[in-house]
Amino acid sequence: MSKKYNNSKSALILQKYTPEDIQKLLNSGKFKSEIARQLKIHIRAFNIYIKEHNLSYKPPPYKPSKTPGSQLKNKTGDKFKEPLEKFKEEFAESKRKRTLKELKDAYY
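Heads up: the sequence shown is residues 350 to 457, going by the working numbering.
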């Protein structure tokens, strides 16, 4: 190992593995940061090791996560409501908010 890594702990751990072992881990379909965490080494030391040994890495495809909030919006069915009903609900809500604000501040 000709280059210095960020800390000796990372260097000691990386000495235990051959470049072929690291290449197998890189081909496993995980992100580099996950592999570095699994090996318990610093990500920068891992990147230096990859570059030093000319290892190839292709990141896995991005999978957008489904947030609970977006699923709830689709389940309410707002886009299927009648436009007039939707307008009446929005108008009533804004009227209620305005009334509460007027009661709170007499000089509104």
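All C-beta atoms in this analysis are idealised placements derived from N, C-alpha and C, irrespective of residue type, glycine included.
If you drop the 5 nearest sequence neighbours on each side, which residues of the same chain put their C-beta closer than 7 Å to that of Y406? Sequence index remark: in the sequence shown, residue 406 carries index 57 (1-based). Result list for Y406: L375, K381 and I399, in chain order.
What three-state label does DSSP hand P413 in the structure shown? Locating residue 413 in the sequence shown gives position 64, counting from the first residue. The answer is coil: DSSP assigns P413 none of H, G, I, E or B.
Where the alpha helix (DSSP H) through T448 begins and ends: By 1-based counting over the sequence shown, the position of residue 448 is 99. Looking at the DSSP string, the run of the alpha helix (DSSP H) that includes T448 is P432 to K453.
Take H469 as the anchor and find which of I390, P409, F436 and D370 has the nearest alpha-carbon. With the chain covering only 350 through 457, there is no way to say anything about residue 469.
Rounded Cβ spacing between L363 and A385 (contact assumed at less than 8 Å): Taking the sequence shown and counting its residues from 1, the one referred to as residue 363 is at position 14. Taking the sequence shown and counting its residues from 1, the one referred to as residue 385 is at position 36. A Cβ-Cβ separation of about 10 Å leaves L363 out of contact with A385 under the 8 Å criterion.
Given that a residue counts as buried once 16 or more other Cβ atoms are within 10 Å of its Cβ, and exposed if not, what is S414? The residue given as residue 414 occupies position 65 in the sequence shown. S414 comes out exposed.
Excluding the 5 residues preceding and the 5 following G378 in the sequence, name in chain order all residues of the same chain whose CB lies nearer than 7 Å to its CB. The count along the sequence shown starts at 1 and reaches residue 378 at position 29. Result list for G378: P409, in chain order.
Just tell me which of E434, I390, K435 and P368 has its CA closest to the CA of L361. The residue given as residue 361 occupies position 12 in the sequence shown. Nearest of E434, I390, K435 and P368 to L361, Cα basis: I390.
Does the Cβ-Cβ distance between L388 and Y411 come in under 9 Å? Within the sequence shown, the letter at position 39 stands for residue 388. Within the sequence shown, the letter at position 62 stands for residue 411. In terms of Cβ geometry, L388 and Y411 do not form a close pair [threshold 9 Å].
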